[in-house]
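Residue numbers (my numbering), protein chains in the order written: chain G, 44 to 237; chain S, 44 to 237.
As structure tokens, this is what we get:
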């Protein structure tokens, strides 16, 4: 990448170097596990160590940025300014999340596994990856509750923990994460509305 | 253990050797992680390799037996022949489970982490440890449903997956697993009964 003499418009050289680092970091983690070295990542990306450290202070931060920006993980955040039942919105969202998680299940397993023996990584994984996704679902549930689609005495944060928990449980045990399961979780969350 | 010349009544020598193997296996996994060797385990237990293989064909099976029989993991299975509301039964059960899980959280993290890179271990962990605990909760929920404490249109298997999922989610992210969380999960499962 950095050897190219022409640059695409709006793609400065350091953005291309960052993209290469993220892409190669994920590829190497998939192949070799979390223990892959910084040296191997910069070699594969064809950039200097300084280029990496200009943007990320640790391998964990590079990997989490890469995971976060992975095209396959990009599920559109539900647009709550639109009308329409939130149950359908959340069903569509969870089905898309499950679809992308299935495709990158091995990578997510490696990250969650690493988090078990590495408290600093666990904290960053939570702050950067888990909590933002939790809050997206909480926002949809709160909006549904305000619209009367979910009973007033339910706790959106608890429902979100159960939905995400059930999803992790199935991911980590290699059980099916399919459209039916997504719909069943959302159906249970919305049942018995006021 | 095997050097002792007197045996407690009803405790044959091979039972003592098995207890020593399970105890030392868990101690070493806590200290060194899942990668601890069979050689280190039999040395610490003071038994021969053959003694181990007489009973267990793999390290995974020894470790799962040890985890399963660990005194701290022994939570009494709810007695559904007794009268009384199942909501209280399940709240007490989940609080006890959380209490013991908190004490052995590091060990469970090591097992779940190992299961991510080792499909055979994952299958045995599921069959021996996860599924039996899942079915205990499903049984209580089904009984509650038969008694009218849970609405007829709920799916006990889905509720159990959400309860266990939420518990794994919190365990793996090092979030609180306390009495209040146990009660909130059960309260949500039982809300809006027929």
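Backbone N, C-alpha and C fix where the C-beta goes; we use that ideal spot for every residue, glycine too.
> In the structure shown, what three-state DSSP assignment does residue 211 (chain S) receive?
Replying inline: In the second chain, residue 211 (chain S) corresponds to position 168, counting from 1. Here residue 211 (chain S) sits in helix by DSSP.
> Between residue 181 (chain G) and the rest of its own chain, which residues show a CB-CB distance below 6 Å, the 5 nearest in sequence each way excluded?
Replying inline: Within the first chain, numbered from 1, the residue matching residue 181 (chain G) stands at position 138. The beta carbon of residue 181 (chain G) is closer than 6 Å to those of 199, 200 and 203 in its chain, skipping five residues each way along the sequence.
> With C-beta atoms as the reference, is residue 138 (chain G) less than 9 Å away from residue 233 (chain G)?
Replying inline: Start at 1 with the first residue of the first chain, and residue 138 (chain G) comes out as number 95. Start at 1 with the first residue of the first chain, and residue 233 (chain G) comes out as number 190. No.
>> Looking at residue 108 (chain S): is its Cβ nearer than 9 Å to the Cβ of residue 146 (chain S)?
In response: As a first step, residue 108 (chain S) must be located in the second chain, where it is residue number 65. As a first step, residue 146 (chain S) must be located in the second chain, where it is residue number 103. Contact flag unset, no.
> So, does the CB of residue 215 (chain S) fall closer than 9 Å to a CB anywhere in chain G?
Replying inline: Here residue 215 (chain S) corresponds to residue number 172 of the second chain, with the count starting at 1. Closer than 9 Å: yes.
> Taking buried to mean at least 16 other C-beta atoms within 10 Å of its own C-beta, is residue 94 (chain G) buried or exposed?
Replying inline: Residue 94 (chain G) sits at position 51 when you count from the first residue of the first chain. Label assigned to residue 94 (chain G): buried.
> Can you name, in chain order, every residue of its own chain whose Cβ lies under 6 Å from the Cβ of residue 88 (chain G), other than the five neighbours on each side?
Replying inline: Residue numbering aside, residue 88 (chain G) sits at position 45 when the first chain is read from its first letter. For residue 88 (chain G), where only same-chain residues beyond five positions count, the Cβ hits under 6 Å are 63, 64 and 67.
> Quick check: the segment 210–221 of chain S against the segment 210–223 of chain G, are there 3 or more CB pairs under 8 Å?
Replying inline: Taking 8 Å as the limit for Cβ pairs, the verdict is that the segment 210–223 of chain G does touch the segment 210–221 of chain S.
> If you run the structure through DSSP and keep just helix, strand and coil, what is residue 202 (chain S)?
Replying inline: Taking the first residue of the second chain as position 1, residue 202 (chain S) is located at position 159. Residue state, collapsed to three classes: helix.
> Does DSSP classify residue 162 (chain S) as helix, strand or coil?
Replying inline: As a position in the second chain, residue 162 (chain S) is number 119, starting the count at 1. Three-state result, residue 162 (chain S): helix.
> Using a Cβ-Cβ cut-off of 7 Å (strictly less than) and excluding sequence neighbours within five positions of residue 91 (chain G), which residues of its own chain qualify?
Replying inline: Indexing the first chain from 1 puts residue 91 (chain G) at position 48. Around residue 91 (chain G): 85.
> Among residues of its own chain, excluding the 5 on either side of residue 220 (chain G), which ones have a beta-carbon nearer than 7 Å to its beta-carbon?
Replying inline: Residue 220 (chain G) sits at position 177 when you count from the first residue of the first chain. Closer than 7 Å at the Cβ level, and outside the excluded window around residue 220 (chain G), lie 141, 144, 145, 210, 213 and 214.
> residue 111 (chain G) to residue 128 (chain G), Cα distance in whole Å?
Replying inline: Here residue 111 (chain G) refers to the residue found at position 68 when the first chain is read from its first residue. Here residue 128 (chain G) refers to the residue found at position 85 when the first chain is read from its first residue. Looking at the two C-alpha atoms, the distance is approximately 28 Å.
> What in chain G is Cβ-close to residue 207 (chain S), meaning under 9 Å?
Replying inline: Within the second chain, numbered from 1, the residue matching residue 207 (chain S) stands at position 164. Neighbours of residue 207 (chain S) in chain G, taken as residues at a C-beta separation under 9 Å, are given in chain order as 208, 209 and 212.
>> Using the Cβ count rule (16 or more neighbours within 10 Å means buried), how would you classify residue 174 (chain S)?
In response: Mapped onto the second chain, residue 174 (chain S) falls at position 131. It counts as exposed.
>> When you compare the CB of residue 155 (chain S) with every CB in chain G, is at least one pair closer than 9 Å?
In response: By one-based count along the second chain, residue 155 (chain S) stands at place 112. Yes, contact with chain G.
>> Quick check: the Cα distance between residue 185 (chain G) and residue 164 (chain G), rounded to an integer number of angstroms?
In response: As a working note, residue 185 (chain G) is residue 142 in the first chain. As a working note, residue 164 (chain G) is residue 121 in the first chain. Cα-Cα distance, rounded: 30 Å.
>> Less than 9 Å between the beta carbons of residue 179 (chain G) and residue 187 (chain G), yes or no?
In response: The residue you call residue 179 (chain G) lines up with position 136 of the first chain. The residue you call residue 187 (chain G) lines up with position 144 of the first chain. No, Cβ-Cβ distance for residue 179 (chain G) and residue 187 (chain G) is not below 9 Å.
> Going along chain G, which residues have a C-beta under 8 Å from residue 235 (chain S)?
Replying inline: As a working note, residue 235 (chain S) is residue 192 in the second chain. Residues of chain G passing the Cβ test: 194, 234 and 235.
> In chain S, what lies closer than 9 Å to residue 231 (chain G) by C-beta?
Replying inline: Here residue 231 (chain G) corresponds to residue number 188 of the first chain, with the count starting at 1. Contact annotation for residue 231 (chain G) against chain S: 197, 198, 201, 202 and 205 [CB-CB distance below 9 Å, chain order].
> Between the segment 158–171 of chain S and chain G, which residues of the former have CB atoms less than 9 Å from a CB of the latter, in chain order?
Replying inline: Within the segment 158–171 of chain S, the qualifying residues are 158, 159, 160, 162, 165, 166, 168 and 169.
> Out of S:227, S:83 and S:216, which has the shortest C-alpha to C-alpha gap to residue 161 (chain G)?
Replying inline: In the first chain, the residue the question calls residue 161 (chain G) occupies position 118. When only C-alpha atoms are compared, the closest one is S:216.
>> Using 8 Å for Cβ pairs, my map puts residue 157 (chain G) next to residue 153 (chain S). What's the rounded Cβ distance?
In response: Looking up residue 157 (chain G) in the first chain gives position 114. Looking up residue 153 (chain S) in the second chain gives position 110. Going by Cβ atoms, the distance from residue 157 (chain G) to residue 153 (chain S) rounds to 13 Å, so no, they are not a contact pair.
>> Would you say residue 173 (chain S) lies against chain G (beta-carbon separation less than 9 Å)?
In response: In the second chain, counting from the first residue as 1, residue 173 (chain S) sits at position 130. So yes, residue 173 (chain S) belongs to the interface.
>> Would residue 133 (chain G) and residue 121 (chain G) be called neighbours here (beta carbons separated by less than 9 Å)?
In response: As a first step, residue 133 (chain G) must be located in the first chain, where it is residue number 90. As a first step, residue 121 (chain G) must be located in the first chain, where it is residue number 78. Residue 121 (chain G) sits close to residue 133 (chain G), with the two beta carbons spaced by under 9 Å.
> If you run the structure through DSSP and keep just helix, strand and coil, what is residue 94 (chain S)?
Replying inline: Within the second chain, numbered from 1, the residue matching residue 94 (chain S) stands at position 51. Shown here, residue 94 (chain S) sits in a helix according to DSSP, grouped into three states.
> How about residue 205 (chain G) and residue 218 (chain S): are their beta carbons less than 9 Å apart?
Replying inline: Walking along the first chain from the start, residue 205 (chain G) turns up at place 162. Walking along the second chain from the start, residue 218 (chain S) turns up at place 175. In this structure, residue 205 (chain G) sits away from residue 218 (chain S), with a CB-CB distance that is not shorter than 9 Å.
> Considering only the beta carbon of each residue, do residue 104 (chain S) and residue 183 (chain S) sit closer than 9 Å?
Replying inline: Taking the second chain and counting its residues from 1, one reaches residue 104 (chain S) at position 61. Taking the second chain and counting its residues from 1, one reaches residue 183 (chain S) at position 140. In this structure, residue 104 (chain S) sits away from residue 183 (chain S), with a CB-CB distance that is not shorter than 9 Å.
> For residue 152 (chain S), which residues in chain G fall below 8 Å Cβ to Cβ?
Replying inline: To locate residue 152 (chain S), count along the second chain from 1; it is residue 109. By Cβ distance, chain G contributes 159 and 160.
>> Tell me which residue opens and which closes the alpha helix (DSSP H) that residue 71 (chain G) is part of.
In response: Your numbering for residue 71 (chain G) matches position 28 in the first chain. That run of the alpha helix (DSSP H) goes 56–75.
>> So, with DSSP's three-state summary, where would you put residue 100 (chain G)?
In response: As a first step, residue 100 (chain G) must be located in the first chain, where it is residue number 57. Correct three-state label for residue 100 (chain G): coil.
>> By the three-class DSSP mapping on this structure, what secondary structure does residue 171 (chain G) have?
In response: Working through the first chain from its first residue, we reach residue 171 (chain G) at position 128. Helix, per DSSP.
> How would you list, in chain order, the residues of chain S whose beta-carbon sits under 8 Å from the beta-carbon of residue 109 (chain G)?
Replying inline: Against the first chain, residue 109 (chain G) aligns to sequence position 66. Contact of residue 109 (chain G) with chain S by beta-carbon distance below 8 Å is absent, the smallest such distance being about 19 Å.
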